[in-house]
Structure formats: C-alpha cells, structure tokens
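Have a look at the structure below, then the notes.
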Amino acid sequence: MAYQEEYSAATEDPQTFWKQQASKIAWFKAPETILSHDENGIARWFADGELNTCYLAVDRHVELGLGEQVAIIYDSPVTGKKGKITFLQLQQQVSLFAGVLAKNGVAKGDRVVIYMPMIPEAVVAMLACARLGAIHSVVFGGFSASELAVRIDDASPKVVVSASCGIEVNRVIEYKPMVDEAINLATHSVERVVVLQRPECKASLQEGRDLDWQTAVQDAEPQTCTSVKATDPLYILYTSGTTGKPKGVVRDNGGHAVALNYSMKTIYNMSPGEVFWAASDVGWVVGHSYIVYGPLIYGCTTLVYEGKPVRTPDAGAFWRVVDEYKVNALFAAPTAFRAVRKEDPDANALANYSLDSLRCIFMAGERLDPPTYEWTTEKTGKPVVDHWWQTETGWAICANPTGLEALPVKAGSSTVPVPGFDVQILDSQGQRLGPNEQGAIAIKLPLPPSCLPTVWGDHERFVDGYLTTYPGYYCSGDGGYIDDDGYLFIMGRTDDVINVAGHRLSTGEMEEVLASHHAVAECSVIGVHDALKGEVPIGLTLLKDGINIDEEELQKELVAMIRKEIGPLACLKRSIIVPRLPKTRSGKILRKLLRQIADGQEVNIPSTIDDPSCVTEIQQVMNQRGLVKNS
Numbered sequence: 001m002a003y004q005e006e007y008s009a010a011t012e013d014p015q016t017f018w019k020q021q022a023s024k025i026a027w028f029k030a031p032e033t034i035l036s037h038d039e040n041g042i043a044r045w046f047a048d049g050e051l052n053t054c055y056l057a058v059d060r061h062v063e064l065g066l067g068e069q070v071a072i073i074y075d076s077p078v079t080g081k082k083g084k085i086t087f088l089q090l091q092q093q094v095s096l097f098a099g100v101l102a103k104n105g106v107a108k109g110d111r112v113v114i115y116m117p118m119i120p121e122a123v124v125a126m127l128a129c130a131r132l133g134a135i136h137s138v139v140f141g142g143f144s145a146s147e148l149a150v151r152i153d154d155a156s157p158k159v160v161v162s163a164s165c166g167i168e169v170n171r172v173i174e175y176k177p178m179v180d181e182a183i184n185l186a187t188h189s190v191e192r193v194v195v196l197q198r199p200e201c202k203a204s205l206q207e208g209r210d211l212d213w214q215t216a217v218q219d220a221e222p223q224t225c226t227s228v229k230a231t232d233p234l235y236i237l238y239t240s241g242t243t244g245k246p247k248g249v250v251r252d253n254g255g256h257a258v259a260l261n262y263s264m265k266t267i268y269n270m271s272p273g274e275v276f277w278a279a280s281d282v283g284w285v286v287g288h289s290y291i292v293y294g295p296l297i298y299g300c301t302t303l304v305y306e307g308k309p310v311r312t313p314d315a316g317a318f319w320r321v322v323d324e325y326k327v328n329a330l331f332a333a334p335t336a337f338r339a340v341r342k343e344d345p346d347a348n349a350l351a352n353y354s355l356d357s358l359r360c361i362f363m364a365g366e367r368l369d370p371p372t373y374e375w376t377t378e379k380t381g382k383p384v385v386d387h388w389w390q391t392e393t394g395w396a397i398c399a400n401p402t403g404l405e406a407l408p409v410k411a412g413s414s415t416v417p418v419p420g421f422d423v424q425i426l427d428s429q430g431q432r433l434g435p436n437e438q439g440a441i442a443i444k445l446p447l448p449p450s451c452l453p454t455v456w457g458d459h460e461r462f463v464d465g466y467l468t469t470y471p472g473y474y475c476s477g478d479g480g481y482i483d484d485d486g487y488l489f490i491m492g493r494t495d496d497v498i499n500v501a502g503h504r505l506s507t508g509e510m511e512e513v514l515a516s517h518h519a520v521a522e523c524s525v526i527g528v529h530d531a532l533k534g535e536v537p538i539g540l541t542l543l544k545d546g547i548n549i550d551e552e553e554l555q556k557e558l559v560a561m562i563r564k565e566i567g568p569l570a571c572l573k574r575s576i577i578v579p580r581l582p583k584t585r586s587g588k589i590l591r592k593l594l595r596q597i598a599d600g601q602e603v604n605i606p607s608t609i610d611d612p613s614c615v616t617e618i619q620q621v622m623n624q625r626g627l628v629k630n631s
C-alpha cells in the first residue's frame, strides 16, 4: 500500500505533497508559493523560491563534511584512462571553470553550448554553467556541423565549450573542425570557444577567439554560486521535431532539483554514498538527469563511462564496470542489452565478474521487449525495472517504485504511474478509455515538477505540439493501454500503429513475437502501403552472432508465430534478415526512416542517426528483396 498511499497523496493534494518534497533540498530562499501559473497559463512550481543547482550537486556536500567522498568515477576503455574525483575536487574544478566562463562574459541567463565526449570535463562544464546561473545546451559530441549550427543559432550562446576530439571504437573523431564549420554556418556570432586538448588529437586554435581549457583555468578566479529563481532555466536540450527543426526543451532549476532528488529514492532505491551508473551520454536527457544532476544532488557517486556495452573490448564491458566499482544500480537502454545478447547469447563473459553489489537493473529510452527483459533477468539474476519517460519530462512518468515498494513485474509493462503523473488512455476524441483498451497515452494537467514549461524561443510550438491535441492534457505521442491492475503497457509511438484492412494493430506487439525467436537478436516491424489492405506489416530481423538460418525458413517460422500469437489479421507474411538496423545514438530504431525506404519516398536522414551509412545497406537489402515500392 506504500505506493498507492503516495500516489494518492500526490494526485489529491499536489501542493502539500510537493511542498514536502521541496523541503528535502537546500534552498537559498524556501518557496512559499508551491504551484502557480505563468502569463501563458502554464503550471510553474516553487515560483518564489531561490536556489542554485550546482550548490545542491557539489558545495552542499562539501559543507556537510563529505568533501572526500568520491563524486565522479571516470572509466574510459577507449583510452585506458580511469580516475576518481571527490566532491571537494569537483568543487574546485567547477568553481575555476565557472571563472573561465565569467571572465569571458558569461553571466546569469546567458547560454553556453557544450559539445564534448563522455569525459569528466563535460560534467564540470555543465555544473559551471549552473553555478553562474547560465543556461547550458549540451549537444552530443560528434553531431554534424550543420546540426550544431542549427542549435547555435537557436540558443545564441556566448561561448562554445568543446574538446579536441571524441574517441569511438578504433577511431578518433576530430571535434574542432566541426565546431569551426558550425560557427561559420551559423548566423549567430560566437564570442569564445574553449577547447580541452586531448592527447589523442591536438586541435588548432584560432587566435583571438579560441582558448585552451588548461591555460584558461590557470588564470581563472573561482566563482561562488549565483542564486536563481526556481523557474529560471537550467538548460536547453534539443530533441528531434516533426518539422525537421529540433525542439529546445527547457528545464527549470527548482522543479528539476526537487523531482530528481525525490526520484533517486522513490524509483531507484538509492542511498547517499552509493554508486549509481547511468550508461548513457551527457548529450541525452538520461545523462543530464542521472549521470549529472540526480545522483550528485542526492549525494551518490556517479559513473562517467567512455565506452560501449560491446567491443570496448567485449560483451563483458558492463559486467566488468559493475564489478570493479561495486555499482549498486545500473541504468541503460534496452538496445545496450540486446547488443550484449547478440554478441554473447549465453552471457559467458559474465562468469568472469561478480554482480553482488548490483541490486537492480533499470531500462528506459525505448520499449523493453519481453525477450530482452527475460534474457537479462535470467542471465544476471537481478530484478529488471522497465520505466518510461521522455526528454520533455526529465524523469520517469511510469516505473516500478522500488524505493516505496517493489511491485510485481509484468513483462512488457513499465509498471505504474509515478506519484505526480496522472496518466490516462484517451481515444481519438479525447475520451478516457477503460482497462485494456488501446489508445493515446496522455497526462492530465498540471504536469509535476521538472516537466518542460515551454520550447526555447517558440512557446506556440510547445502548445501546438503537446497541449492542443487533448485540451487539459499533455499529449505524450505514445500509444498503449492500462490493464486491470493499473499497469501501463507502452506499445510504441502512435504513428507506429498500423491499419490493416480496418484493423488497428500495434507493431510493438508483433516485434515482441519476432524477438522471442531463438535466432533473432533484434527486430523491427513497419507498416508499408498496400493497395488492397491499406497497410501490411513486414519484419526486419537481425540475427544473433554465430547463428545461421535460411531467410525463407526463418520467415516461415516467424509468420507462423505471428498467426499463433496475434492471429491471421496481423497479415505479416514477409520478413527479411538485415545486417543492422538504423538507430539514433541513444539506441532507438528509426522506424519512420524504414517506412520511407519501403514506400519509395525521399529518405530524410535525421541528425540523431548513429551511422548514416546503414541507410544505404538497408535500401540495398530491401531493394534486393523487392520490398521497395516502385523500385
């Protein structure tokens, strides 16, 4: 009943509930107004409160006598470097780099774009911005110059902070030439570029504009924490938009700090001083929330990992890190575990390591298919928690609240709404649907703390994109259903529902079936145009390493499985084997791109794609199989 009591309290009296949660962080000025609405009618939390996020994440722990506790563990299998930074050392580094920014004109409200690999200095740069009350916008290191230019123009930063290079498996990616090109492409004029020189690749610096990180820090004056309003922006994080122009999701300081602090115990069941590892990147919302701000605000040790789940050097990489640093909670995308499963189906590498310290594995970022869930629980012997959230919310909408009570797990479900989120399933008319009825997933307003109050520089886009479809609700863009026990099942984006001869079918359900085949490591089901039935599904499968099976034989088996599990209405009659699937850098399969290829449309390759060359491979395979319309 602990969860139900907490959820009811947050739903029935949100002001009292969030006032209690707000009292658990250190304010410069405690808020008296808990929930109010701004001039646009948008709910805002703790509007008259003042605080500083960097103070909460760093200085507060030093003041409490925890300066010698490790704040950051750095592990880089691609360079062989490892290190630990205490809270006291972090305070010194952040205050000095804040001095670099301040000396170069950065003040409260100014923007700074950070374009860096997964190294501790990226975290230092983020915290230094927060220390000054400046607004950072982290762009995933390695994004193209044109995409970086778009973000520079939108955020109009005074300073860009970068590194000379990023390091991937067997290659070094020079960042500085892309930064230079982006600044040339952008219409906004960047005043300064600060460059961290890495030994793997030295960058040339432009005299009068570029600064060497180490040299600049030596001449810097340490800065104290600037008090900001709870509603002042902490960061802008760009997410792909339907128009092609990325959306700048705005995150405020106060609600964000309160929500993340609350989530560290409620969702992840962490205690201060324990080791939390989000195997993500600071370029993504997971990296913002649970590499940087959540763990550090709560007083945990966080892990910055510059590597992959496989091939750095092998499929035992995750298990090695957990064992070496005694990680208590591991958070990664399902695609990471599918990659491990593909290369090491029997988890033989796990025999070399101990997972005794690990209490739970958390997955998010895309739908966790039951086969991946079952493989991970079976091989690790650890509970696996699927939770669902978005860049726009900054923390989980639905989860198994392990810090309140560990609820029974249902494979395929992200369990229950987190206290503060009133999640409902709506039909096309905005009417609430009953248990087990599939529809659009929406959240009744007001949204809880941490959720975006606007899109940077374009409030109309925020309203049109999220609040107009279902008045009184935030439209998530995802579809699914809630069962009789209140468990939410995410079936994919609403545009991943296909209409076959008048029957609305979820591609997610079909993917579940295909992924359960012993030979399949990963798969995607897309709907393609059909003159008779409107749409028909086709399956694209990726085989586990070491498995050889005839494509026609696999297709027969998969079609039979679909007919048995879903029924002949599904009409899945074609399935092909592909060498890889196009994904974003965070691991999401680009189904829209696959549909464009199959329908013979012009292919729009999104900026978030991990490797554009895979598009050509997919086009060739689908053409060879006769699956491309008018090809």
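1 is the number of the first residue of the sequence shown in UniProt numbering; add one for each residue after it.
For glycine and all other residues, C-beta sits at the position ideal for the given N, C-alpha and C.
- Taking a 10 Å sphere around the C-beta of residue 108, we find fewer than 16 other C-beta atoms and assign the residue as exposed.
- Counting along the chain, residue 183 sits inside the alpha helix (DSSP H) bounded by residues 176-185.
- The shortest C-alpha to C-alpha distance from residue 428 to any of 227, 304, 117, 442 is the one to 442.
- DSSP places residue 88 in the helix class (H, G or I) of the three-state scheme.
- Secondary structure at residue 346: coil, using DSSP grouped into helix, strand and coil.
- Rounded to the nearest angstrom, the gap between the Cα atoms of residue 421 and residue 75 is 35 Å.
- The stretch 335-352 and the stretch 281-300 do not touch, with fewer than three beta-carbon pairs separated by less than 8 Å.
- Under the three-state reduction of DSSP, residue 256 is assigned to helix.
- Annotated three-state conformation of residue 426 is strand, per DSSP.
- Straight through space, the alpha carbons of residue 156 and residue 407 are spaced by roughly 46 Å.
- The Cβ atoms of residue 272 and residue 150 lie no closer than 9 Å to each other.
- A residue is called buried when at least 16 other Cβ atoms come within 10 angstroms of its Cβ; residue 591 meets this threshold and is buried.
- Residue environment analysis places residue 351 among the exposed positions, since fewer than 16 neighbouring C-beta atoms fall within 10 angstroms of its C-beta.
- One Cα belongs to residue 44, the other to residue 461, and the distance between them is close to 18 Å.
- Under the DSSP assignment, residue 165 falls in the beta strand (DSSP E) whose first and last residues are 165-168.
- In summary, residue 520 is buried, with 16 or more beta-carbon neighbours lying within 10 Å of its beta-carbon over all protein chains present.
- Shown here, residue 26 sits in coil according to DSSP, grouped into three states, outside any helix or strand.
- Within the DSSP secondary-structure output, residue 523 pairs in a beta bridge with 541.
- Across the structure, residue 543 and residue 514 are spaced so that their CA atoms are roughly 11 Å apart.
- It is roughly 44 Å from the alpha-carbon of residue 18 to the alpha-carbon of residue 198.
- Within the stretch 430-492, the runs of alpha helix (DSSP H) at least 4 residues long that lie entirely inside it are, in chain order, 459-462.
- If you check the CB distance, residue 491 and residue 479 come in under 9 Å.
- Counting only residues of its own chain and dropping the five nearest sequence neighbours on each side, residue 35 has a CB closer than 8 Å to the CB of 14, 15, 18, 43, 44, 45, 446.
- The closest CA to that of residue 619, considering only 283, 597, 612, is found on 597.
- Residue state for residue 361 is assigned as strand, using DSSP reduced to three classes.
- Apart from the 5 residues on each side of it in sequence, residue 134 sits with its Cβ closer than 6 Å to the Cβ of 106, 110, 112 in its chain, given in chain order.
- Fully contained in the stretch 84-131 are the following beta strand (DSSP E) runs of length 3 or more, in chain order: 111-115.
- Under DSSP, residue 389 forms a beta bridge with 396.
- Less than 9 Å divides the Cβ of residue 404 from the Cβ of residue 3.
- Around the beta carbon of residue 401, 16 or more other beta carbons lie within 10 angstroms, which makes this residue buried.
- The beta carbon of residue 23 is closer than 8 Å to those of 30 in its chain, skipping five residues each way along the sequence.
- At the C-beta level, residue 297 and residue 260 come within 9 Å of one another.
- Boundaries cannot be given for residue 268, as no beta strand (DSSP E) includes it and DSSP labels it neither H nor E.
- The DSSP-derived three-state label of residue 146 is helix.
- The three-state reading of DSSP puts residue 276 in strand, counting E and B together.
- As a beta-bridge residue in DSSP terms, residue 248 pairs with 238.
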